[in-house]
Structures are given as structure tokens and as C-alpha cells.
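Input: a single structure, listed below in C-alpha cells.
There are 4 protein chains.
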Amino acid sequence: MQDILDEIVATIGASDSRGQPANYIPQLACIDPNQFAITVAMADGRVYSAGHSNQLFSIQSISKVFTLTIALGKLGDSVWSKVGREPSGDPFNSIVQLEHEHGKPRNPFINAGAIAIADAILMGHQPKETLAEILQFVRFIADDDSVSIDDKVAQSELATGDRNASLAHFMASFGRLDNPVDCVLGTYFHHCSIAMTTEQLAKAGLFLVDDGRNPVTGARVVSPQRARRINSLMLMCGHYDGSGEFAFRVGLPGKSGVGGGILAIAPGKASIGVWSPGLDDVGNSKLGTEALEKLVEHTGWSIFG
Amino acid sequence: MQDILDEIVATIGASDSRGQPANYIPQLACIDPNQFAITVAMADGRVYSAGHSNQLFSIQSISKVFTLTIALGKLGDSVWSKVGREPSGDPFNSIVQLEHEHGKPRNPFINAGAIAIADAILMGHQPKETLAEILQFVRFIADDDSVSIDDKVAQSELATGDRNASLAHFMASFGRLDNPVDCVLGTYFHHCSIAMTTEQLAKAGLFLVDDGRNPVTGARVVSPQRARRINSLMLMCGHYDGSGEFAFRVGLPGKSGVGGGILAIAPGKASIGVWSPGLDDVGNSKLGTEALEKLVEHTGWSIFG
Amino acid sequence: MQDILDEIVATIGASDSRGQPANYIPQLACIDPNQFAITVAMADGRVYSAGHSNQLFSIQSISKVFTLTIALGKLGDSVWSKVGREPSGDPFNSIVQLEHEHGKPRNPFINAGAIAIADAILMGHQPKETLAEILQFVRFIADDDSVSIDDKVAQSELATGDRNASLAHFMASFGRLDNPVDCVLGTYFHHCSIAMTTEQLAKAGLFLVDDGRNPVTGARVVSPQRARRINSLMLMCGHYDGSGEFAFRVGLPGKSGVGGGILAIAPGKASIGVWSPGLDDVGNSKLGTEALEKLVEHTGWSIFG
Amino acid sequence: MQDILDEIVATIGASDSRGQPANYIPQLACIDPNQFAITVAMADGRVYSAGHSNQLFSIQSISKVFTLTIALGKLGDSVWSKVGREPSGDPFNSIVQLEHEHGKPRNPFINAGAIAIADAILMGHQPKETLAEILQFVRFIADDDSVSIDDKVAQSELATGDRNASLAHFMASFGRLDNPVDCVLGTYFHHCSIAMTTEQLAKAGLFLVDDGRNPVTGARVVSPQRARRINSLMLMCGHYDGSGEFAFRVGLPGKSGVGGGILAIAPGKASIGVWSPGLDDVGNSKLGTEALEKLVEHTGWSIFG
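Okay, here's the thing in C-alpha cells:
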């Protein structure tokens, strides 16, 4: 496995078509696009890394997997009255679908859906408390108490987050938010600003590898059925309108973030964290996807046979 | 396995919420909604059936899996210049996406996409020849020379197929069809009218279970990579705007038809054909989906863990 | 008035930004774009022309004013169960609105709406009979028995009319057409292929100048209220998604055709026919619009004050 | 004229189908729907009223005519780089068009367009100053210094204005607003909360009757061309996706507000203010429209002949 990762790092390092880092969040736009890291956390506890795997990066939308998991824990299936579970066929920040469907987001992984999930887990509390709870959860599943929020990124997003503010107000206008728009957005922007290394990220995904239980710590996080369902949502909706492409090329449930990270799950086998800041046309890590494609070629981990 | 299927038939038989057969194709509207059949064709060659598994039904859109496979064989990756591979987020017969994307269908499994695939495999031949080729292919993969087209259904579709004619002319107006619209539609309507039993259908799917090779006959149909990719497309797009729901509940690549059939693939394990004519709101077999959900619960075949 | 028209012809003749003739109908694409004609038919019977005012051109969508008038005569207000009367905000051949509104066109002047009107006036007859009736009506209102259909243009449209065929089949799929799609399209393509001079066209519009009565022949064509309503529809919807622009710049009810003609009505004052083959971005005559803008500047005929 | 208005009041008073007052702004929802007023301000200075013509009501979107006029005065034609001038074919608060057209509103009378206009006239000033300027302008054109803003309504809108906040943030996300969203919204909500009587409103519209000059005070407000253009925009876009209907039935440039008011202009003849709180399906005053329809029938003021 270490050989595979080293080979991937070598190939990726030589690539001269790295994509562009997200430019609409100032703090992300200035990241060096030449960085790359990959970590494979196996179900048996072994962990392999290559590249800048100790470098913190902004996990952005990958955090939506964690907030969805928390929301399911708190609300159970009534989460699905707030968001759907179909791919949207639209870009991550589209508002067209919202208007056609009366303010209910298609799934929890597009921006509108994740904002609705942030609202769902706030439950009248202050953003600070809810963020503490989210952080605690991520630290628990990653088995690492050092995971933190990068406040500079959060401030950067708050200052430039008009599109997300538009989505939140739009849903509010349909009576779909239970908490004040500002609290919901504050919570959303901050959980998107969690910073992790690929190693932390890969470990945090382990509960989705082993039927809802972290195979290393033995901690039960969700039921086996819920773990499968979260994986199915990652596959169907985890890469916005590039989800079909990711399933076609990589063949693993995965969730991307505009910080350039991807969390991918090979059920029964491993959780993978990968990071390369340059994005493709639909906002997913360009080289991160290529790295995962190579990894699956070498390992045969595709869930499709 | 036989016990599981018998139990499923018993449970399904007792259901009083069976959905409605498709009503826009006259020959399908008059099917008895109380019929039900399921067949599991295992990778090791064993075949289990329950219910009306010798009853022929119209496979309709399930045939799109077969025509896509043929098109990939003939054109290779240039198929993807004709259709995309993303879920559409729209109903099966929507034309909105086509206008926004200049006549290129989102994927090969929505109607527009399958019409484009029919055009791709015609290659200037007469529909009759192409249909003979399609039938020959289906007989080959199902290892059953009796598979045929139900001409009454095809005529019924031709007579009422204004929506599909609209889609075809729309694509033609963007210069996206190489053959005359009438030939393309004739080919499309006829291959949708192939009649099969669940047993034939399950056997026809076996090549997608075992890396592109029929594990029983040993015949190589497609490469392992192509088999995985077809499976990924079935998962992402096989149930129209109910694809997310099917992945969430069943967790297997599958393709439905408005005749009430579903073909589902458990990679490495089995190919499943199921049939119940009543449809849910988005046009997929209601009890067929429930039966698959139960089957996966019992067998643990979900690809998501 | 003659001086004004002569000055317009001089100015327009010197323009080097003439737009492009419609290229999707082969017979129109080969028209010399340097031709220009304008005719003003006054309410008092005087007629002024300048430019190539004896040159026949294809009136195309201008014919929709005449077929709407016929449909209103035959069906009265029940026409409005078949088409709406709101501007569409979309291009002339858009199908998106049709899907969102169940196959009912927004207004009688977009292509889908005019196809629905062609269906409405067919009433089970053969296209030939209906076309004879349409021609007879146009000859009557223009007081000129020489008006004819250009069969070459009609054939040219039939051969390349996939977009319109798509619209017709789409409406048929919602049960909105009473006659066979082929008959409806044949009627539509042929009435769009009526050839007229600007002089004939201006005269044909006179009934809309004088409360529904041709002020020269004295023939009553429609009631005063109906004349006003047809004028309002021309203003609101007569130039597709350039209708607002035409109202803003010209300020007269008008209907354009992709052949480069425009019929404009100055209520109580005059009917104007203008022709220049080059089109602007949304498919309306570029120099024709400029000529009308100049005419209204000189005459103060704007209906807006 | 007084007889006509009295008859209208009598007929309207007897109507038992009055529509529903706007319910999304709490302060408007509690208005007595049985109130009705109409005022005709003639170009010669005579003023006729009937009904509750001294009752103040919230002019809401009618204020958009005034802010557009101010914006044209300040920015001239560069206003059209900020908003278009085509009917949108969508409801007043739709965001779909904005996404398809990169945040540029179709016209200045839909909500998004009026918000863009509010931004345009702020020019870095405080909302307070800009609102003072707007009020001063309305008082000037109405020749009445008592016109004021109803702060309760403005507060009510601010508290429930999520849809408009969504539109504003959406445009901001495309870089289309030059001032802070909060300032823009504050300005917008307050100018929509101007309270007027039908008499004040009718007088305020007089400059659009007489080529941009108030025929009573003699004050020049805009050029003749600009007055015509504002009238054309009112006709094309003044009643949202009911603009075609209003042109068809009434035949005058008009602008409605969800407070139940309508300002209509009969060029060269009169300015009309009408008010009835109950709205039709698309948000325009139901009985107000009927009253104008009757008035035009009696006076022959339609601009369409």
C-alpha cells in the first residue's frame, strides 16, 4: 500500500494540470496549489500516508457528512422532511431547484441542504454551543482531540458568503428554517472551516467503513443501516453535478470540499483522505480525484465489481 | 435463498398498496397489477425464482442497459460525446435539461439519452437490422434464444409516443441525430418492447456480476472496467429522479422499466430480476423496489457496506 | 411623409451593421441582406413607400397575427383555453415554458402558440382547405388577390423544421392538439411561407388601425375591442424576448418575422410594413426596427405619449 | 367623469369576489378588504374621485416607478447595465431568471430589479438620506408635501422580508450591488412603505401623461422620450406575470402594488390612481383592475385604438 501511495504522489507531483484553487473564499485562494497529500486508514487499523499528510487544510463541504450524521442522530428519519435524498443535477450553489421545490433542498450535500441541516441541529441553541458539539463529534470519530476550526477561514466566508446567505434567506422565506438566518449561517460557515490533515480525515471516516463502528477504537457511531445510507448519499450526491463522473471514474462513496479535500470510503476495506487544492470545473479536487482513481485501479476497491 | 424469495412473495402478495401500472402505453395499462415475480441468478450458476417467473413482461427501459452496452462496444468512449453520465434530477421524459444543455442528454438512461444511444447504434442501417442485432445480443447475454420483441407493445408505443417524438426532434434540431428521426424512434420503441421473464432478465444481467464475463457460460461480454462503469451508471441514473431513493433503500445498481420490471446487480454475488406492474410516483416498480429492499436486508448484499 | 421615408431609406442604406438573415431555413439564408423596403398605409387611404417595396419576402411569423385573428373569429374567447396571453420571457422556440405549464403555450405568437392556433383553425379539415381559407383572409384584409404562398420556402421549412416538430409533438403528448401533428405542422409551415411586399403587408394591417374596420375598403374585420386586444398582444409578445426592447424603442404594437419583415400599427394613424432581411440577436429585423424607431421619432406616433 | 366613477364605485362595492389582501406582510394582511377608491387626475388639472379617496394605503411596488425615474435622472442610460427591460414571464419574486442570467434582473419592476435600482440610487449614501431624496421627489411630482413613509409597514417588511433578502444577497454574490445588502434592503423596504391616497397617487403620475411635464404645476420632470419609455416599461412589466392580462383587458400602462393600489396612465388624457386591497392570483389588485377596465370602456382611453 505504501508503494502505491508513493507512486501516486510521484505521478500527481509531476502533473502540470492541477486545476485552480477556489477563488471566492479569499483565505482559500492563496493556498499553494502544489501541495498534495493522501492517507489510507485501513479497517484493520493500519494507516498509510504520502505527501503533505500533516498539513492542515479546510475541509469545507466534507464537514457536511459529519453534520448529516449528527442530524440523523438527533432527529432520525425526520431529517428527510427537511432535505431530500436525490442528486440535484445542478451546481452546488444553485437556487433554481429550491424555487421549483418550495424551498426544500434536494439533498444534504448541496449548500442549501447543508444549511438546512445546520438549522436542524441548532435546535434553538447558540451557534457556539452547536459548533462545540460538532467539533466534539469530529474529534470523537477521528479519535483526535486536536481537530479545530480555522477562524480566519470562517471570517473569510462570512464576509463573502452572499450566495449562501441568499440560499438561507430563500429557505427562510418558505418557513423552512427554525433558527435565525444569522445563527444558521454562522454555524454553517464555521463547521465548513474545520481544518484537518488527510490523516485525521481518513480516520474520521472509518466508522463508515465498518458498519457504523470505528474498527480501531471499537466505538459505535451509527447503526449499520445508517452507515450504508450515508455512504449511498455520498455516492449519489457527494460531488454535486460531478457525482456521476466520480462514481464512473472512482467507484467509491466520496465527499469533496472546495478546499481541495475528498473523503472516500471503501466499505469493509478502508477510509481515504486526499487533498490537492486545485479544483475542476464543477468544484471538486482535480488531482484528488485522479489519485483516488489510481488507488482504486491498484486495489480493486470499486464497489461496482 | 429459496426461503427468502418465498417469504418475499408471501409478504408482497399480501400488500394492498401496489401502485398503478403505466397508463400512457395502452398495452401496458391493461396488465393485471397483482402479478409478481422475482429471480435471483447467482454467480455460481444457481437460479432461484418465486412468483410468476415464467410470465413475459415488457422490459421497457431496462433495455437501455443493453443498448448502452452495445453502443460502448461499437463506439467506445466516443459514446460520451453523445450523452453525459450525470443524474438529471428530472423526470424520465423531461425536455428542460435538453434545452439548457443544447440537446445533449444528461445520461443514457433517461428517454432522451436512450434515443441518442439508439441513434448511435443505427449507424445508417435500417431499424430492422439494428433490432435484429439488439435481440441477438440480449439472447447471447441471457443465453436464451427465445427472447423476442412484443410487436403489439411496440405499435402501442409508436401510436402514443408523442413525448418521445418531441425529444427526438428536439435533439435533431441541434444536429445531434445522425439517422432519420423515424428510424431512431422505431428502433427505440421496438427495443423497449422486448418481452422477458424475470428468469431471462436475471440471467441477462450476469455479465455485470462477474467483471464483464458471464460466469455460467464463461462468455466475455465487456471488460471488467466497462462492467463497473455500467453498474455505476445504473446506480446513479437507473431510476430517473428516484435513483437516490433506490440507492438509499436498496443499495444496488439497478435499472427499472415502466413495465414494472427491475434488473439489479449485486457485484460478485448475483443478478436479480423482479417484476410487479404497479409503479410509484416517479415511474419505478413499487413492490419490485420493496422486494429488492427485503432481499438485500436478508443477504447483506448492499454495495455500501 | 414621403420625405421621411426617403430619408429613412437613405440612412438605412448607409448602415454597415445590417444583422444576419435567418440561417436555419435554407431558402431564407440566401436572401440578399442589402434589400430594404418600407410602406406606410395611412388611415385615410394614402400609401407611401420607399425602397424595394414591390419585392416579395417571406412574412413568416407575421402570419401569426392573421391566423390568430381567424382563430378568434372561429372560436371566440375559447382560443384562450389553448394559448395564454402573457409574454414568455423566453426565445421564440423555447420548450422549457411548455414543460413547466403542461403543454399550454404562453401566447399565440411564440412558435408553440402559433402551432396551437394552426391546430385550432384546422378543425378536422385538410391543411389544403385551411390554407386556402387563410390565404383568402389575407387577400381580403390586404384587398389584394395576388397574395400567395411560396412553396419553396414551405418545403424548405418542412425539411428542417425539427424544432417545431418537437414543439408540436410535445403539445400533442399533453393532449393539446386536436388534429394530427403532420397536418398541424404542414398548415403552420405553409402559412409562415406567405410572401408579401411591404405595401401588401401595410394594407393588410389597416383593420387594426381603425377599430377593426379597414378604413379604405370599409370592410369590418373584427370588433373594435378585438382589434385593441390583438394590438395589445402584438405589443406584449410580438417580438419574442425582444418585445420589451421594441416597445421601449419604437412604442408601437408590432409583429416581426424571421424573413426580416415587421408589421407595426399606429392606432388611428397608420399601418406600417417594413422589411430588411438581417436579424438581431433575438431574431427580429435589425434595420427594420431602426427604421420604425426613426419613423416614430418623426411622426410622434408612439402610443406611450 | 364623476358619473362614471360613481357608477364604478357602485358596481365594485357590490362585488362579492374581492380577492385576498397580501398576507405575507403582517401590516397589510389586516387591512379591511372592503375599502375601495379611485381618482382620475385629468391633464387639464381637473380631479375626480370616488370611494375612500382620502384613505392612505401602502403603495408598495408602485414606488418602483418613482425610484426608476430617479435612477434614470441620476445615471441615465447606464441604468440598463444594471437591469434589463424585458418582461420576465415569472412571478414578482422569482429567483430562477436571476440565476440563468448571472444576477441581472430582467426589468426594474420585478423585486430583484427594484432592489438593483435602490442600490443604484444609494451611491454610497446612507439609506436615510436616499429615502429623504425619494420622498422629496414623490412630494414634488405629487405636488403634495404631506406624503410620508409608514414606518410600521417598513418594519413589518424588514422582519418578514427573507425572500427579498435572498434576492439581494444573490445579486451581491454576482458583484451586482455597490452598497451593503442591509442598506439596499432598508432603502427598498422603506420606499415600498410610502403611504398615499389615490388622489395623491393620481397626481404623482401626471408627469407621465404630458410628455414628462406636470401639466398642472408646469414642472418638467423628465424628457418626453423618457416619459414614453417609462410608460412602455409599465405596460410591459408593470403587473409581473399578469402584465399581458392587464394590457389585454385595460390597455393602459400601469403599475400595481401588493397593497392593492394601481397607478395607470392614459397618455395625453389622465393619470389614474385606484385602490382595492384584495389581490388576484398573481398579486395584482383584483377590483382595481376591474375598475380600470370599466373606466377605459367608458372613456375609450385604451392606447391600442
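Protein chains in written order, with the numbering used here: chain Z, 11 to 315; chain C, 11 to 315; chain V, 11 to 315; chain H, 11 to 315. Quick reminder that beta carbons are idealized off the backbone N, C-alpha and C, glycines included. Computed from a prediction, not measured in an experiment: that's the story for all the values here.
Nearest by alpha-carbon distance to ALA152 of chain V: which of V:VAL226, V:GLU255 and V:ARG28 is it?
V:VAL226
Assigned exposure category for THR79 of chain H - 16 Cβ within 10 Å defines buried:
buried
Opening and closing residue of the beta strand (DSSP E) in which LYS114 of chain Z lies:
Looking at the DSSP string, LYS114 of chain Z is not in any beta strand (DSSP E), and its letter there is neither H nor E.
Span of the beta strand (DSSP E) holding THR207 of chain C?
Looking at the DSSP string, THR207 of chain C is not in any beta strand (DSSP E), and its letter there is neither H nor E.
Contacting residues, own chain, Cβ-Cβ under 6 Å from GLY298 of chain C (five flanking each side not counted)
ILE272, VAL284 and SER286
Starting from TYR198 of chain V, follow the beta strand (DSSP E) in both directions and report where the run begins and ends.
No beta strand (DSSP E) holds TYR198 of chain V; the alpha helix (DSSP H) holding it covers 191 to 202.
Are the C-beta of ARG10 of chain C and some C-beta of chain V separated by less than 8 Å?
Here chain C has residues from 11 to 315 only, and residue 10 of chain C is not among them.
THR21 of chain C burial status per 10 Å Cβ neighbour count (16 or more: buried):
exposed
For PHE258 of chain V and ARG239 of chain H, which I take to be in contact (beta-carbon distance under 8 Å), what is that distance rounded to the nearest angstrom?
5 Å between Cβ atoms; contact.
Check whether chain V comes within 8 Å of MET52 of chain H, counting only Cβ atoms and requiring the distance to be less than that.
no
Whose Cβ in chain H lies nearer than 8 Å to the Cβ of ILE313 of chain V?
PRO277, ILE313 and PHE314
Which of helix, strand or coil DSSP assigns to ALA152 of chain V
In this structure, DSSP gives ALA152 of chain V a helical state, which the three-state scheme calls helix.
Can the beta-carbon of ALA274 of chain C be found less than 8 Å from the beta-carbon of SER68 of chain C?
no
To the nearest angstrom, how far is it from the Cα of LEU302 of chain H to the Cα of CYS202 of chain C?
Here the C-alpha atom of LEU302 of chain H lies approximately 57 Å from the C-alpha atom of CYS202 of chain C.
In whole angstroms, what is the alpha-carbon distance linking LYS279 of chain Z and GLY269 of chain Z?
26 Å
Need the endpoints of the alpha helix (DSSP H) that THR21 of chain V sits in, please.
For THR21 of chain V, the enclosing alpha helix (DSSP H) has its first and last residue at 12 to 23.
Which residue marks the beginning of the alpha helix (DSSP H) containing ALA237 of chain H, and which one marks its end?
Per DSSP, ALA237 of chain H is one residue of the alpha helix (DSSP H) stretching across 234 to 247.
Kindly say whether HIS112 of chain H, judged by its beta-carbon, lies nearer than 8 Å to any beta-carbon of chain Z.
No, its Cβ sits nowhere closer than 8 Å to a Cβ of chain Z.
Under the three-state reduction of DSSP, which class applies to LEU66 of chain H: helix, strand or coil?
coil
Could you name the residues that DSSP lists as bridge partners for TRP285 of chain Z?
DSSP lists Z:ALA47 and Z:GLY271 as the beta-bridge partner residues of TRP285 of chain Z.
If I measure Cβ to Cβ from LEU218 of chain H and keep anything under 7 Å in the same chain, skipping five residues before and after, which residues do I get?
ALA237, ILE240, ASN241, ILE275 and SER281
What's the C-alpha gap between MET246 of chain V and ASN294 of chain V?
15 Å
Taking the alpha helix (DSSP H) that VAL163 of chain V falls in, what are its first and last residues?
161 to 170
For VAL306 of chain Z, the first and last residue of its enclosing alpha helix (DSSP H)
The continuous alpha helix (DSSP H) containing VAL306 of chain Z extends over residues 296 to 309.
What residues are listed by DSSP as bridge partners for GLN30 of chain C?
C:LEU289, per the DSSP bridge assignment.
Please name the residue, chosen from C:ASP26, C:PRO43 and C:ILE48, that lies closest to LYS304 of chain C on a Cα-to-Cα basis.
Considering only alpha carbons, the answer is C:ILE48.
Proximal residues to ALA39 of chain V (C-beta, below 7 Å), its chain only, five neighbours per side dropped:
Contacts found: PRO31, ALA32 and ASN33.
Give the interface partners of VAL106 of chain C over in chain V, defined as CB-CB distance under 7 Å, in chain order.
VAL106 and GLU109
Under the three-state DSSP convention, the category VAL260 of chain Z falls into:
coil
Sequence-distant residues of the same chain with beta carbon closer than 8 Å to HIS179 of chain H, five excluded per side:
VAL191
Can you find at least 3 beta carbon pairs, one from the region 121 to 132 of chain C and one from the region 123 to 130 of chain Z, that sit closer than 8 Å?
no
Within 8 Å of any Cβ in chain D, is that where the Cβ of PHE184 of chain C sits?
In the structure shown, chain D cannot be found, because the protein chains are Z, C, V and H.
Kindly indicate which three-state DSSP category ARG173 of chain H falls into: helix, strand or coil?
helix
Using a C-beta cutoff of 8 Å, does PHE256 of chain H count as contacting chain Z?
no
What does the Cβ neighbour count give for ARG116 of chain H, buried or exposed, with the cut at 16 atoms within 10 Å?
buried
Based on the DSSP output, what are the partners of GLY61 of chain H in its beta bridges?
According to DSSP, GLY61 of chain H bridges with H:ALA47.
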